[in-house]
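Contents: one structure, followed by commentary.
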Amino acid sequence: MTPQHGLFEEPGNRAQYLEYTLKQGVALDDIKCALRRATSRLPNVFIAIAFGSNCWNSLQPLWRPTQLSDFVEQASAKGHLMPATQQDIFFWVHGETSSDVMPAVIQVSQAMAVIADLTLDLNGYKAPDARIITGFVDGTGNPKGDKRHTAAVVPDGQIGAGGSYVLGQKWTHKLPEFLQLSVPAQEQVMGRTKETNIEMEGAAMPTNSHVARTDIDVNDTPMKMYRRGTPYGNAGDYGLYFLAFACEQTRFEHVIDSMLGKDDGVTDAMMDYSDAKTGSYWFMPSQEDLDALLMA
Ligand code: HEM
Numbered sequence: 001m002t003p004q005h006g007l008f009e010e011p012g013n014r015a016q017y018l019e020y021t022l023k024q025g026v027a028l029d030d031i032k033c034a035l036r037r038a039t040s041r042l043p044n045v046f047i048a049i050a051f052g053s054n055c056w057n058s059l060q061p062l063w064r065p066t067q068l069s070d071f072v073e074q075a076s077a078k079g080h081l082m083p084a085t086q087q088d089i090f091f092w093v094h095g096e097t098s099s100d101v102m103p104a105v106i107q108v109s110q111a112m113a114v115i116a117d118l119t120l121d122l123n124g125y126k127a128p129d130a131r132i133i134t135g136f137v138d139g140t141g142n143p144k145g146d147k148r149h150t151a152a153v154v155p156d157g158q159i160g161a162g163g164s165y166v167l168g169q170k171w172t173h174k175l176p177e178f179l180q181l182s183v184p185a186q187e188q189v190m191g192r193t194k195e196t197n198i199e200m201e202g203a204a205m206p207t208n209s210h211v212a213r214t215d216i217d218v219n220d221t222p223m224k225m226y227r228r229g230t231p232y233g234n235a236g237d238y239g240l241y242f243l244a245f246a247c248e249q250t251r252f253e254h255v256i257d258s259m260l261g262k263d264d265g266v267t268d269a270m271m272d273y274s275d276a277k278t279g280s281y282w283f284m285p286s287q288e289d290l291d292a293l294l295m296a
């Protein structure tokens, strides 16, 4: 079973993140027809598609990914909120140039207009040095090579093999507050140095830094995930669309619990300077399972 086209195509310098909710009363055949049109292959661009739990049940009643459930709103004891805005269908359109991505975005939007309402539409971009809007490098701790597949894809022999659990969250940055901190204080928040992008070691790593809260093991298994989110934005609204793929949804749940300090009351300092605005879990079926699901 093979992951959907483009999952591991990097860097993906341009992206569009589209979330949809299905309109009431649309016939299943019409939904499948629209999704086939939306995902038709175009040159130099990848149109990945993933589904929320309810939508999955309607589209594929024969089997379901064992761990797939809706994102549930959660908060830390300090009041950081991770809202749930679960939708039905997610598109990750990505390529290397806007001129490659845009025709695919239009194809998706025209096909989907009949069956669903657009609830999120964000443009993403990647800087050549992978720095995000806060000035830190993002993606360094991502698995590399074959380890990407192990972290991101449900193994053969399991239900949903070749597919991935997906977490999508739009985060806005409180940039003035963050940049008001001295650079060493910003580095304490993230757990890496800013200019040189070096991870803090041992006692120098603050327990509430973002890296300390997200680089975790559960029962001796590292909760590795494959992150493909990027900065997004315009003048009035900018931040990071967090997008990650994992072989188990529970990996996201454990890392989110750690960020929110569910076990030890220590919250991720990054959340003092960025707010989660959306949150959805999706399942991105393998290419073969997608083809079967969309069959007329
Ligand atoms: C505003 C939101 C976020 C920003 C700006 C952000 C930024 C960063 C940065 C700069 C790093 C360090 C470099 C790297 O390894 O990539 C990092 C690491 C990481 N982040 Fe985030 N992140 C955000 C949200 C999240 C969320 C919501 C999760 C998980 C649910 C997450 C999971 C991780 C993981 C797993 C690592 C790698 C840790 C390691 O193994 O070293 N991040 N993030």
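Counting from 1, one number per residue, gives the positions in the sequence shown under UniProt numbering.
From the three backbone atoms N, C-alpha and C, an ideal C-beta is built for every residue, glycine too.
Keep in mind it's a predicted model, so treat the numbers as computed, not measured.
Taking all protein chains in view, the Cβ of Arg14 is crowded by 16 or more other Cβ atoms within 10 Å, so the residue is classified as buried.
Here the alpha carbon of Ala27 sits roughly 52 Å from the alpha carbon of Glu199. Among the bridge pairs identified by DSSP, Glu19 is matched with Phe90 and Leu120.
Restricting attention to Pro184, Thr39, Ala127 and Ala151, the CA atom closest to the CA of Leu290 is found in Thr39. Taken from the Cβ of Trp282, every heavy atom of the ligand HEM lies 6 Å or farther away. In the pairwise beta carbon analysis, the stretch 235–249 is classified as touching the stretch 220–227: at least three pairs are separated by under 8 Å. Across the set Tyr165, Trp92 and Ala75, the C-alpha of Ala75 shows the shortest separation from the C-alpha of Ala84. The three-state secondary structure of Pro184, taken from DSSP, is helix. Taking the CA atoms as reference points, Asp272 sits about 18 Å from Asp264. Per the C-alpha coordinates, the member of Thr278, Leu18 and Pro285 positioned closest to Val153 is Pro285. The C-alpha of Ser99 lies about 18 Å from the C-alpha of Gly233.
By alpha-carbon distance to His5, the top candidate from Gly163, Gly168 and Met295 is Gly163.
In chain order, Gln87, Asp88, Ile89, Met112, Ala116, Asp117, Leu118 and Thr119 place their CB closer than 7 Å to the CB of Tyr20, counting only its own chain and leaving out the 5 sequence neighbours on each side. Segment contact: the stretch 133–141 against the stretch 172–188, three or more CB-CB distances shorter than 8 Å; contact assigned.
A direct Cα-Cα distance of roughly 21 Å separates Tyr125 from Met190. Counting C-beta pairs with one atom in each stretch, the stretch 45–54 and the stretch 90–97 have three or more that are closer than 8 Å, which means they touch. Where Met284 is concerned, the enclosing beta strand (DSSP E) starts and stops at Ser280 to Met284. In this structure, the straight-line span from the alpha carbon of Gly25 to that of Leu240 is close to 34 Å. The three-state reading of DSSP puts Phe252 in helix, counting H, G and I together. Between Tyr165 and Gln67 the beta-carbon gap is near 6 Å, inside 8 Å, which marks them as a contact. Comparing alpha carbon positions, the residue from Thr221, Ile216 and Leu293 closest to Val255 is Ile216. The Cβ-Cβ distance between Leu18 and Asp121 falls below 7 Å.
Boundaries of the alpha helix (DSSP H) around His210: His210 to Thr214. The closest CA to that of Asp146, considering only Glu73, Pro231 and Glu9, is found on Glu9. Per the CB criterion, closer than 5 Å to any heavy atom of the ligand HEM, the qualifying residues run in chain order as Phe136, Asp138, Gly139, Thr140, Gly141, Trp171, Val211, Thr214, Asp215, Leu240, Phe242, Val255 and Ser274.
Boundaries of the beta strand (DSSP E) harbouring Val166: Ser164 to His173, taken from the DSSP string. Distance from the CA atom of Gln107 to the CA atom of Leu35, rounded to whole angstroms, is 10 Å. With a cutoff of 7 Å on beta-carbon distance, Lys170 and Lys277 are scored as near each other.
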